[in-house]
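Each remark here refers to the structure printed beneath this line.
There are 2 protein chains.
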Amino acid sequence: MGYILDMKETLQALAEPNRFHIVELLRNGPLTVGEIADQLNLRQPQVSKHLKVLSEVGLVQVQPEANRRIYKLRPQPFQEFHNWLDSFRQIWEERFDSLDAYLQELQKKEKK
Amino acid sequence: MGYILDMKETLQALAEPNRFHIVELLRNGPLTVGEIADQLNLRQPQVSKHLKVLSEVGLVQVQPEANRRIYKLRPQPFQEFHNWLDSFRQIWEERFDSLDAYLQELQKKEKK
DNA sequence: TAGGAATATTCAAGTCAAGGAATATTATTT
DNA sequence: AAATAATATTCCTTGACTTGAATATTCCTA
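Residue numbers (this note's numbering), protein chains in the order written: chain Z, 3 to 114; chain U, 3 to 114.
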């Protein structure tokens with residue numbers, strides 16, 4: 003099944019500090035639930051719940067391996083997220099200050 | 003005063019749907035509180051509150067102009083955010099498929 | 001200086017999501 | 001099959017966040 007990136011859902015998922023940590027952890031490679039719980043000093047149930055959320059928004063992917071579940075990052079949402087931020091490039095690349103232009107606009111309106 | 007990007011705070015600020023909309027709006031240029039309220043069909047107090055949050059995490063910048071306050075995006079957090087996502091590049095450039103992992107495993111075993 | 005416009009703030013609900021504890025589920029091993 | 005290990009789920013409580021409504025503040029203008 004395909005995922006469509008819902009920016010708000012993705013942000014909400016990432017905004018929770020523990021989930022953010024999980025994502026950072028998984029950057030180094032796939033991990034099981036228990037390993038994540040150990041490394042982050044979290045209890046297993048909470049880790050499972052967070053992983054469920056991350057999984058539902060498509061940030062993470064599971065692979066069952068016998069008794070365990072190995073979680074890893076899905077590249078796609080990070081790419082799309084990256085693209086979204088690219089669309090803000092103009093904001094830090096624009097040389098002129100658009101505020102000035104806007105102030106001039108305001109003045110025009112007030113003169114009426 | 004300088005801002006240090008706190009990824010979690012920034013994400014939490016962006017994760018709220020209306021604030022996300024405000025940011026998207028401001029991408030087209032600076033706006034006053036009233037204009038934002040109009041365009042998003044929100045009440046002025048809520049817009050002020052959301053802008054306060056955005057301002058506190060440094061996503062947004064105010065410029066008082068007479069009676070009004072003109073808000074615009076601050077480039078820096080978007081840059082840093084962009085950089086953060088760059089650090090995930092390997093995830094979508096290297097292929098960490100289960101197949102690849104499997105093949106890598108095979109190779110290791112064969113070398114012994 | 002009084003009135004009005006734009007924005008900010010306060011306070012009191014109502015909502016939602018995270019954590020804890022206990023339990024269920026699934027797979028493994030003996 | 002029983003015991004155990006790894007993970008998922010449920011229920012409940014608590015705290016945080018958002019909204020709405022009312023009010024305060026600031027600045028301009030007649």
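Using N, Cα and C, we set each Cβ at its ideal position, and we do this for glycine too.
Kindly indicate the opening and closing residues of the beta strand (DSSP E) around residue i.
| i | result |
| --- | --- |
| residue 55/U | Not the beta strand (DSSP E): residue 55/U falls in the alpha helix (DSSP H), residues 46–58. |
| residue 29/U | Per DSSP, residue 29/U belongs to no beta strand (DSSP E) and is neither H nor E. |
| residue 71/Z | 70–75 |
If residue i sits next to residue j, beta carbons under 8 Å apart, how far is it from one beta carbon to the other, in whole angstroms?
| i | j | result |
| --- | --- | --- |
| residue 31/Z | residue 46/Z | Contact doesn't hold; Cβ gap of about 20 Å is too wide. |
| residue 71/U | residue 64/U | 5 Å |
Step through the CB atoms of chain U and report whether any lies within less than 8 Å of the CB of residue i.
| i | result |
| --- | --- |
| residue 17/Z | yes |
| residue 71/Z | no |
| residue 24/Z | no |
| residue 41/Z | no |
| residue 45/Z | no |
| residue 93/Z | yes |
| residue 14/Z | yes |
Starting from residue i, trace the alpha helix (DSSP H) both ways and give me its first and last residue.
| i | result |
| --- | --- |
| residue 61/Z | Run containing residue 61/Z: none; DSSP gives neither H nor E here. |
| residue 11/U | 9–17 |
Determine, using beta carbons only, whether residue i comes closer than 8 Å to chain Z.
| i | result |
| --- | --- |
| residue 52/U | no |
| residue 77/U | yes |
In three-state DSSP terms, what is residue i?
| i | result |
| --- | --- |
| residue 67/U | strand |
| residue 90/Z | coil |
| residue 40/Z | helix |
| residue 95/Z | helix |
| residue 84/U | helix |
| residue 20/U | helix |
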